[in-house]
Amino acid sequence: MPYEVQGVVARAKGEPVRVERVHVPDPGPGEAVVNIQACGVCHTDLHYREGGITDDFPFLLGHEAAGTVEAVGPDVTTVQPGDYVILNWRAVCGNCRACLRGRPWYCFATHNAKQKMTLEDGTELTPALGIGAFIEKTLVAAGQCTKVDPAARPAVAGLLGCGVMAGIGAAINTGGVTRGDSVAVIGCGGVGDAAILGSSLAGAAKIIAVDVDDRKLEWAKRFGATHTINSTKTDPVEAIRELTGGFGADVVIEAVGRPETYKQAFYARDLAGTVVLVGVPTPEMTIELPLLDVFGRGGALKSSWYGDCLPSRDFPMLIDLYLQGRLDLEGFVTETIRLDQVEEAFAKMHRGEVLRSVVEL
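In terms of the UniProt record's numbering, the sequence shown has 252 at position 252, counting the first letter as 1, and numbering is strictly consecutive.
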């Protein structure tokens with residue numbers, strides 16, 4: 001039978017979010033209903049509230065989530081009720097040109113649940129990133145559910161659903177960081193710190209953290225930063241070059257998403273080095289670079305969408321590393337909160353006071 005549950009809804013641009021009653025239908029073909037146990041408060045949710053992604057209000061916010069499968073629809077064979085899962089927003093199709101070429105992390109036909117969750121008056125909700133997980137139960141495509149070891153606590157596991165996976169993947173999957181590399185990460189929020197953690201996991205010899213906030217630079221050290229640069233006090237490009245023998249870093253990861261920090265990343269890399277853009281820009285932003293510099297410096301300029309991850313491959317592996325004590329996911333959880341504290345968590349995030357607030361249900 002359908003479910004009536006509590007969820008966090010953004011009704012209009014810039015308005016405070018509020019907890020409302022939400023109608024969740026029974027799962028249809030290819031769908032699953034998941035009991036949400038925890039969901040991280042990501043900056044993307046704030047972008048939705050501010051109308052920075054689409055204007056398809058009202059939104060059901062939340063997407064960095066873990067929980068257990070409540071029910072599945074017809075023909076679902078990949079998960080069953082009781083499975084402990086992390087939700088992802090890129091359920092791969094298996095049939096598009098990327099999937100058929102053996103590159104499913106680039107899938108061009110990812111999908112979500114076909115049915116809509118609604119408010120009590122029947123108004124259809126747009127779930128953030130096709131998930132909508134600031135809620136007691138949510139409806140998703142079964143392919144958005146990735147089974148992992150249930151020994152991992154939900155407040156930690158769910159963070160792999162977006163920001164932490166984006167950062168780790170930007171370093172390992174997109175940037176190809178490997179043993180002995182020098183890496184610079186510009187922007188030390190949740191995604192940037194995850195990129196630092198991923199670089200450390202991959203065996204980077206030197207990991208340089210860059211930010212404008214000394215508190216964030218201290219956080220970066222916990223995740224493996226060997227050097228820190230406050231870019232309000234020091235030219236970050238010159239400082240990165242000085243720390244790398246005058247050459248620049250092998251891989252520079254831009255986790256801010258602004259033209260000025262992207263230019264810093266471009267000029268802070270070594271010749272034939274790699275720049276990875278994982279910070280999310282806004283639609284009006286543009287960048288201008290001398291084409292001769294693009295040509296003459298060689299290397300690669302890459303963007304990393306969701307860390308180029310394949311959830312079925314990456315989530316279980318990272319959870320196993322966490323359970324072995326080799327991956328500090330606990331360090332990202334600054335606080336746990338209730339559903340009715342999401343608006344307050346947005347304010348803390350905006351002020352740079354937290355890496356992640358996590359809603360526990």
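Ideal Cβ placement from N, Cα and C applies to all residues, glycine included.
Between V164 and the set A255, L100, N112, the nearest pair of CA atoms involves A255. Scanning its chain for C-beta atoms nearer than 8 angstroms, with the 5 sequence neighbours on each side dropped, one finds around L327 the residues L197, L201, L318, L321, in chain order.
For L323, the enclosing alpha helix (DSSP H) starts and ends at 311-323.
For K147, the pairing in a beta bridge is given by DSSP as V85. If you look at T336, you'll find it in the beta strand (DSSP E) that goes 335-337. Ranked by Cα distance from D56, the first of G67, A171, L139, A12 is A12. Three or more beta-carbon pairs separated by less than 8 angstroms are not found between the region 72-80 and the region 96-104, which leaves the two stretches without contact. Excluding five sequence positions before and after R49, the CB atoms of its chain that fall closer than 8 angstroms to its own CB belong to A10, K13, G14, E15, V17, F59, L61, F346, given in chain order.
In this model, V359 and C93 are separated by some 30 angstroms (Cα to Cα). For the pair V19 and A155, the CB atoms are not nearer than the 7 angstroms cut-off. If you compare the alpha carbons of D235, T234, A38, L217 with that of H227, the shortest gap goes to L217. The three-state secondary structure of C39, taken from DSSP, is strand. If you draw a 10 Å sphere on the C-beta of R21, you find fewer than 16 other C-beta atoms in it, and that means exposed. Taking 7 angstroms as the cut-off, the Cβ atoms of T274 and G298 do not count as close. Between K302 and T178 a beta carbon distance of about 15 angstroms is seen, past the 8 angstroms cut, so the two are scored as non-contacting. Between D250 and D181 the beta-carbon gap is near 4 angstroms, inside 8 angstroms, which marks them as a contact. When rounded, the separation of the alpha-carbon atoms in G279 and A151 is 31 angstroms.
R90 sits buried, since 16 or more C-beta atoms from the chains shown fall within 10 Å of its C-beta. Relative to G158, the option among Q144, A170, A171 whose CA is nearest is Q144.
Here I36 really is in contact with A133; their C-beta atoms are around 5 angstroms apart, less than 8 angstroms. Between E260 and the set G82, G40, V237, K137, the nearest pair of CA atoms involves V237. For a cut-off of 8 angstroms, the C-beta gap from V342 to K348 is around 11 angstroms, too long to register as a contact. When the beta-carbon positions are compared, L361 and E70 stay at least 7 angstroms from each other. Cβ atoms of I207 and A225 come within 8 angstroms of each other, at about 5 angstroms. Restricting attention to G176, F223, L339, the CA atom closest to the CA of V276 is found in G176.
Rounded to the nearest angstrom, the gap between the Cα atoms of G296 and P311 is 36 angstroms.
Taking a contact as a CB-CB distance under 8 angstroms, the pair H23 and E120 counts as one, their CB atoms being some 7 angstroms apart.
Shortest Cα-Cα distance from G82 to any of F315, G352, V34 involves V34. For G67, no alpha helix (DSSP H) encloses it; the enclosing beta strand (DSSP E) starts and ends at 64-72. G248 places its beta carbon less than 7 angstroms from that of A268.
At the C-beta level, L160 and I86 come within 7 angstroms of one another.
In this structure P2 is not in contact with Q115, their Cβ atoms being roughly 10 angstroms apart against a cut-off of 8 angstroms. The residue from V210, T232, G331, S357 with its alpha-carbon nearest to that of D340 is S357. Cα atoms of T146 and A209: separation of roughly 31 angstroms, rounded to the nearest angstrom.
Where S303 is concerned, the enclosing beta strand (DSSP E) starts and stops at 300-303.
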